[in-house]
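Below is one structure, written out as structure tokens; the observations come after it.
In the numbering used here, the protein residues as written are 333 to 656.
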């Protein structure tokens, strides 16, 4: 009887979800108490302005004269007859009536606009640098994987040494070396230096993932395709690689997620990504807990989105013939 009860509890999903939620709430409460014991003053109201802010755009009179309008365009005409056009559109609020005299520097019209703040801009930089690095890593990974599988020893050695060096040294060290040496020699902007550093680093891991996936395909398929008159490249393109990508997909998604997280290291070469923005906000507001919690949530938003996309792709591929 007790065994059946234990089994039923083990398979009770709702109970499991509730216990897990309680576990993480307890951790959150513990961290809150720890911060309170440090006499930390929470300042959540200092964070929203770094997501978006409202700014007033004002159009000032460039010179003394009369405020006029002709065919929907606005001008200031001086007493000498000189006319200067103003960049005023229909969404502006006017502080002067048409025909009134105005003086240089006075505000003629204004409007309020919302702009993305440093947090959103930093998140966009993180997404952009991660996307470009992932594309580069995929290209490098495919090329290096083929080199590792090549029958030519020269290509094998080049690929093997590249993988050994890249996987055997820290990414942070590689970023510094690339930025301060290679980027300086070839005058590469720091943003693209970051992209290249990440792409080269994750290209080595992608190559090994793809190589393992390709080698897991039954060799009989290659022999069968050759007997049908297909070339090596045709076989790889139409038979081997599609299956290899299906098998490697979960691991490749994991590599992309790791890339997004490791992209935070490019902040050391002054790329204004999400992590660098976080450090700047902490320096301005002295609110480290609030800032880094928000930064963590923004990274989680990106990685959870990638995880969801990966699961959707896996299901779609499974529906079309499985991942094997």
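C-beta atoms are modelled at their ideal positions from N, C-alpha and C, and glycine is treated no differently.
- [ ] Indicate whether residue 472 and residue 535 have their beta-carbon atoms separated by less than 8 Å.
- [x] For the purposes of this step, residue 472 is taken as the residue at position 140 of the chain shown. For the purposes of this step, residue 535 is taken as the residue at position 203 of the chain shown. Going by beta carbons, residue 472 and residue 535 fall inside the 8 Å limit.
TODO: From the DSSP output, in three-state form, read off residue 416 for me.
DONE: Here residue 416 is taken as the residue at index 84 of the chain shown, counted from 1. Of the three classes helix, strand and coil, the one that applies to residue 416 here is strand, per DSSP.
Task: Whole beta strand (DSSP E) elements within the segment 419-501, 3-residue minimum - done: You should have 439-448.
Task: residue 384, enclosing beta strand (DSSP E) - first and last residue - done: Taking the first residue of the chain shown as position 1, residue 384 is located at position 52. If you look at residue 384, you'll find it in the beta strand (DSSP E) that goes 384-392.
TODO: Please confirm whether residue 374 and residue 622 have their CB atoms less than 8 Å apart.
DONE: Against the chain shown, residue 374 aligns to sequence position 42. Against the chain shown, residue 622 aligns to sequence position 290. Yes.
TODO: Pick out whichever of 650, 633, 644 has its Cα sitting closest to the Cα of residue 456.
DONE: In the chain shown, the residue the question calls residue 456 occupies position 124. The residue with the shortest Cα to Cα distance from residue 456 is 633.
Open item on the list: As a quick exercise: from 450, 477, 525, 421, pick the residue whose alpha carbon is nearest that of residue 630.
Closed with: As a first step, residue 630 is located in the chain shown; it is residue number 298 there, counting from the start. Among 450, 477, 525, 421, the Cα nearest to that of residue 630 belongs to 450.
- [ ] For the segment 512-520 and the segment 583-597, state whether three or more C-beta atom pairs, one from each stretch, are separated by less than 8 Å.
- [x] Pairwise C-beta distances place the segment 512-520 out of contact with the segment 583-597, as fewer than three of them are shorter than 8 Å.
TODO: State yes or no: is the C-beta of residue 638 within less than 8 Å of the C-beta of residue 588?
DONE: Within the chain shown, numbered from 1, the residue matching residue 638 stands at position 306. Within the chain shown, numbered from 1, the residue matching residue 588 stands at position 256. Between residue 638 and residue 588, the gap from beta carbon to beta carbon is short of 8 Å.
Open item on the list: Given a cut-off of 8 Å on the beta-carbon distance, is the pair residue 591 and residue 477 in contact?
Closed with: Stepping through the chain shown from its first residue, residue 591 is reached at position 259. Stepping through the chain shown from its first residue, residue 477 is reached at position 145. Going by C-beta atoms, residue 591 is not nearer than 8 Å to residue 477.
Open item on the list: Can you give me the C-alpha to C-alpha distance between residue 404 and residue 474, rounded to a whole angstrom?
Closed with: Counting from 1 along the chain shown, the entry for residue 404 is found at position 72. Counting from 1 along the chain shown, the entry for residue 474 is found at position 142. When rounded, the distance between both Cα atoms is 58 Å.
Open item on the list: Quick check on DSSP: helix, strand or coil for residue 621?
Closed with: Taking the chain shown and counting its residues from 1, the one referred to as residue 621 is at position 289. Residue 621 falls in the helix class under three-state DSSP.
- [ ] Tell whether a beta-carbon distance below 8 Å holds between residue 491 and residue 542.
- [x] Sequence index remark: in the chain shown, residue 491 carries index 159 (1-based). Sequence index remark: in the chain shown, residue 542 carries index 210 (1-based). It is not a contact, given that the beta carbons lie outside the stated cut-off.
- [ ] Can you tell me which of the three DSSP states residue 373 falls into?
- [x] Against the chain shown, residue 373 aligns to sequence position 41. In this structure, residue 373 counts as coil in the three-state DSSP scheme.
- [ ] Check each candidate in 511, 407, 361 and name the one with the smallest Cα separation from residue 398.
- [x] Working through the chain shown from its first residue, we reach residue 398 at position 66. Comparing Cα-Cα distances from residue 398 to each of 511, 407, 361, the minimum goes to 407.
Task: 7 Å Cβ shell around residue 393 - same chain, five flanking residues per side excluded - done: The sequence position of residue 393 within the chain shown is 61, counting from 1. These residues qualify, in order along the chain: 408, 434, 435, 436, 437, 438, 440.
- [ ] Identify which residue in 400, 532, 448 has its Cα closest to the Cα of residue 414.
- [x] To locate residue 414, count along the chain shown from 1; it is residue 82. Proximity to residue 414 across 400, 532, 448 peaks at 400, based on C-alpha coordinates.
- [ ] Return the chain-ordered list of same chain residues with a C-beta closer than 8 Å to the C-beta of residue 429, the five sequence neighbours on each side being excluded.
- [x] The residue given as residue 429 occupies position 97 in the chain shown. Answer for residue 429: 399, listed in chain order.
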